[in-house]
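Asker:
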Amino acid sequence: MDWISSLPDDIIYHILSFHSTKEAALTSVLSKRWRNLFAFLPNLRFEEKDFDYRDSDFGIPWSFIDFLERVLAVSGNSPLKKFSLKYRQNDVDSSLINPWIRNVLSRGVLDLLDIDIITKSEFSLPLEVFSCKTLVKLKLGKGFVIAMVPENASLPALKTLFLDCVRFYDHQHGCSFEALVSACHVLEEISIVGEHWEHWKWCRTVSSPTLQRLTIDCEGSNDSIRSDFRSITFDTPNLVYLKYSGFVSDKYPTVNLNALVEVKLTLALRKIPQNGNPTNLIKGLRNVEIMDLSSLETLKRNDAARVNRWICNALSRGVLDLNLYIAGNYMYSLPLEVFSCKTIVNLKLGMNFSIGMVPENASLPALKTLYLDYIDFSGNFETLISGCHVLEELTMHDNAWDHWEQCRTVSCPTLRRLIMYCYGSKTFDLSRRKTVTDGYPIVNFDSIVEAKLILASSKLPQKGSPENLIKGLRNVEILELSSFQTSETFYSFRESIPVFKNLLHLSVTIDPSYCCRCLPFLLKNSPNLRTLLLKGPLHCDRSWHEPEPVCMCLSGLESCPVEVLEITEYKGTKDNLEHMKNFLEKLQCLELVKVCACETDDEKKLQLTNDLLRLRGPSKCKIQFEFIPS
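Just remember that my numbering sits 198 ahead of the position in the sequence shown, which is counted from 1.
Set out below in structure tokens:
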């Protein structure tokens with residue numbers, strides 16, 4: 199500790215600031231100098247859950263209260279940058295908490311005041327909060343009620359306001375929410391999070407000339423006749439980002455979003471007869487560049503025309519990012535205007551879309567990223583891709599091959615990244631005509647750098663083969679076989695494994711119950727391999743020792759140029775040690791072995807380390823250990 203103790207106070211404060219105040223207080227036993235050092239940290243963070251209540255009287259956590267008050271008393275008027283308080287008790291006395299908050303405010307807290315009080319009763323803030331000249335960020339957690347904001351309220355430095363289930367009142371003196379926002383002259387960001395709309399029941403206006411980012415997240419709101427969905431007003435002329443989740447209100451009388459660049463909407467239509475009217479809100483989005491429509495959970499079949507109008511409206515305004523996700527019990531067709539949009543750069547289509555027809559003259563000249571999740575094509579996939587002249591990234595995320603049933607060709611000269619997930623398919627069938635696994639007639643991967651494969655085998659008689667796919671990977675620099683079945687596929691078609699002249703990094707997932715039979719063939723055909731990563735416990739089948747001296751997966755190591763070997767799940771068993779012995783003896787170019795083991799016991803850690811260090815390897819080889827909890 200001598201060299202740490204010699205550091206200046208400012209550096210020690212910085213180190214301790216990464217911990218809670220209670221954790222920092224543990225350093226007080228080190229020496230007299232450290233006794234009260236923690237109390238003068240610029241960042242104080244108190245969490246009541248960190249304290250033991252066994253010595254409490256009447257259920258009141260006196261240890262926490264005494265500790266917090268002692269810290270505030272010892273630190274005096276030392277300046278504060280951040281103050282965070284998490285206090286969760288059924289009965290909270292404001293006469294106890296408010297003096298703490300006043301103390302912090304009087305010391306000119308600069309960056310953040312984060313108060314989270316969870317209680318059965320309502321809790322009011324001290325009025326001094328509304329006249330703090332230094333506060334930049336204010337976060338108020340559950341349990342707070344802001345019934346009144348002083349007329350002379352002023353928060354001249356506040357830029358960020360976060361409200362989690364905070365309740366506001368609207369009375370004869372005006373709306374407390376509006377009064378609070380109007381007192382923030384440089385406010386840039388507001389986040390309103392609430393489990394129910396009732397928490398924002400008494401105010402429906404967000405008005406701020408300086409606001410740039412607004413998040414309203416009320417997805418958990420209760421759709422009932424009692425909920426107040428009358429109207430919402432957005433008077434925010436400089437807002438550039440809006441994330442809005444909740445039920446559609448009856449009306450949006452004022453929507454001033456002229457500077458809006460990005461919007462993310464998760465709106466639900468209510469089930470009562472008068473189910474909201476978002477017309478003005480939609481019109482107010484006319485200038486956006488990025489639009490994300492994340493969910494329309496109550497969409498009915500006869501609502502499709504309405505949604506199409508929304509989408510076409512966005513297209514006509516030059517939208518750059520279009521993210522559509524619609525969950526329902528039927529397939530939904532896109533408007534044809536999507537396939538001739540000249541401005542879309544990123545297109546993401548979520549569940550239940552059916553692309554039954556793509557116009558022959560389809561053209562998406564700016565589209566670079568296409569994400570398809572559970573999309574049903576009817577022979578139009580190739581037409582869609584051919585209309586994307588600068589497409590760089592394509593992701594197909596699906597749980598059944600059926601949804602890509604009518605097309606098995608990905609042809610695009612500009613494509614740089616391709617991701618396909620089709621794990622849950624019931625028709626992934628090697629014997630089936632026209633499925634992707636009947637064969638890979640054309641595989642043009644000449645520029646490929648990295649490939650990650652998770653291939654599933656079929657129990658049915660095999661008619662096709664992945665030979666062309668395997669051969670097409672010959673130029674990769676990074677290759678990952680992410681399942682045992684993938685490795686077995688490579689072994690079954692080992693004659694097709696090309697010479698990987700560019701391969702530098704090989705990752706193979708291991709099943710400890712089976713020999714990784716493809717590994718010798720991969721190593722033999724990788725003359726420039728530098729890193730070998732084995733994911734999973736090492737194979738321990740001792741049957742290979744008779745009559746063979748070593749398991750098949752360990753043969754052919756002598757000619758391998760690997761310099762770095764990584765083992766992710768080392769067990770330290772006798773079989774594991776024998777494996778490691780073979781690696782160290784035969785991999786003559788080895789410079790570094792990284793071993794990761796799930797172990798927390800210090801004695802076992804020492805045993806695992808010593809056992810490996812006793813093994814002989816190349817003179818320049820080093821062994822690194824990483825121990826993680828199981």
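Don't be surprised by glycine CBs; every beta carbon is placed ideally from N, CA and C. What you are looking at is a predicted structure, and each value in this text was computed from that prediction instead of being measured.
Taking its Cβ as the centre, do 16 or more other Cβ atoms sit within 10 Å of residue 350, making it buried, or is it exposed?
Answerer: That one is exposed.
Asker: Let's test the definition: count the other Cβ atoms within 10 Å of the Cβ of residue 796 and tell me whether it reaches 16, buried, or not, exposed.
Answerer: Exposed.
Asker: DSSP three-state label for residue 703, please.
Answerer: Reduced to three states, the DSSP call for residue 703 is strand.
Asker: Determine the extent of the alpha helix (DSSP H) in which residue 772 is found, giving its start and end residues.
Answerer: First-last of the alpha helix (DSSP H) with residue 772: 772 to 784.
Asker: At what residues does the beta strand (DSSP E) containing residue 241 begin and finish?
Answerer: 241 to 245 is the span of the beta strand (DSSP E), which, as asked, contains residue 241.
Asker: On the CB-based measure, 16 or more other CB atoms within 10 Å of its CB, does residue 457 come out buried or exposed?
Answerer: It counts as exposed.
Asker: Could you compute how far the alpha carbon of residue 355 sits from the alpha carbon of residue 411?
Answerer: Distance between the alpha carbons of residue 355 and residue 411: 17 angstroms.
Asker: Classify residue 560 as buried or exposed, calling it buried when 16 or more other Cβ atoms lie within 10 Å of its own Cβ.
Answerer: Classification of residue 560: buried, given that the 10 Å Cβ count is 16 or more.
Asker: Express the C-alpha separation of residue 374 and residue 449 in angstroms, rounding to a whole number.
Answerer: Roughly 22 angstroms between the two C-alpha positions.
Asker: Just checking: is the beta-carbon of residue 825 within a distance shorter than 9 angstroms of some beta-carbon in chain D?
Answerer: Although the question refers to chain D, the structure presented lacks it and comprises just one protein chain.
Asker: Taking the straight line between their C-alpha atoms, what separation do you get for residue 767 and residue 784?
Answerer: C-alpha separation (whole angstroms): 21 angstroms.
Asker: On the CB-based measure, 16 or more other CB atoms within 10 Å of its CB, does residue 519 come out buried or exposed?
Answerer: Label assigned to residue 519: buried.
Asker: Go ahead and pull the three-state DSSP assignment for residue 803.
Answerer: Three-state result, residue 803: helix.
Asker: Identify whether residue 818 lies in helix, strand or coil by the three-state DSSP scheme.
Answerer: If DSSP states are grouped into helix, strand and coil, residue 818 belongs with coil.
Asker: Span of the beta strand (DSSP E) holding residue 716?
Answerer: From DSSP, residue 716 is part of no beta strand (DSSP E); its letter is neither H nor E.
Asker: Residues bridged to residue 615 by DSSP?
Answerer: Partner(s): 591.
Asker: In this structure, does DSSP put residue 429 in helix, strand or coil?
Answerer: Strand, per DSSP.
Asker: What residue from 320, 315 and 305 has the CA that sits closest to residue 332's CA?
Answerer: When only C-alpha atoms are compared, the closest one is 305.
Asker: Looking at C-beta atoms only, is the number of pairs between the stretch 749 to 761 and the stretch 717 to 732 that lie closer than 8 angstroms three or more?
Answerer: Touching, yes.
Asker: According to DSSP, is residue 693 helix, strand or coil?
Answerer: Three-state DSSP puts residue 693 in a helix.
Asker: DSSP state of residue 505, grouped into three classes?
Answerer: In this structure, residue 505 counts as helix in the three-state DSSP scheme.
Asker: When we look at the beta-carbon of residue 482 and count the other beta-carbons within 10 Å, is it buried (16 or more) or exposed?
Answerer: The residue is buried, with at least 16 neighbouring Cβ atoms inside 10 Å.
Asker: Applying the 10 Å Cβ sphere with the 16-neighbour rule, what's the burial state of residue 617?
Answerer: The residue is exposed, with fewer than 16 neighbouring Cβ atoms inside 10 Å.
Asker: What are the uninterrupted segments assigned as beta strand (DSSP E) that are 3 or more residues long and contained completely in the stretch 306 to 355, given in chain order?
Answerer: As far as the stretch 306 to 355 is concerned, its whole beta strand (DSSP E) runs of at least 3 residues are 310 to 316, 335 to 338 and 342 to 344.
Asker: Run the CB neighbour count on residue 644, radius 10 Å, all protein chains shown included, and call it buried at 16 or more, exposed below.
Answerer: By the 10 Å Cβ count, residue 644 comes out exposed.
Asker: For residue 804, does the count of other Cβ atoms within 10 angstroms reach 16, so buried, or fall short, so exposed?
Answerer: Exposed, because fewer than 16 other Cβ atoms sit within 10 Å of the Cβ of residue 804.
Asker: Taking C-alpha atoms, which residue in 819, 241 and 301 lies nearest to residue 282?
Answerer: Out of 819, 241 and 301, 241 has the C-alpha closest to the C-alpha of residue 282.
Asker: DSSP three-state call for residue 481: helix, strand or coil?
Answerer: Here residue 481 sits in helix by DSSP.
Asker: Which residue from 502, 447 and 760 puts its Cα closest to that of residue 701?
Answerer: Taking only the C-alpha atoms, the option nearest residue 701 is 760.
Asker: From residue 578 to residue 552, what does the alpha carbon distance come to, in whole angstroms?
Answerer: Roughly 10 angstroms between the two C-alpha positions.
Asker: Can you tell which of 671, 678 and 714 has its C-alpha closest to the C-alpha of residue 694?
Answerer: Of the candidates 671, 678 and 714, the one whose C-alpha sits nearest the C-alpha of residue 694 is 671.
Asker: In chain order, what residues of the same chain have a beta carbon less than 6 angstroms from the beta carbon of residue 388, not counting five sequence neighbours either side?
Answerer: So the list reads 359 and 412, once near-sequence residues are dropped.
Asker: Between the beta-carbon of residue 491 and the beta-carbon of residue 521, is there less than 9 angstroms?
Answerer: Cβ distance < 9 angstroms, so residue 491 and residue 521 count as in contact.
Asker: The alpha helix (DSSP H) with residue 376 in it runs from where to where?
Answerer: Counting along the chain, the alpha helix (DSSP H) containing residue 376 begins and ends at 374 to 380.
Asker: Taking the alpha-carbon positions, what's the residue 639 to residue 688 distance?
Answerer: Computed Cα separation, rounded: 18 angstroms.
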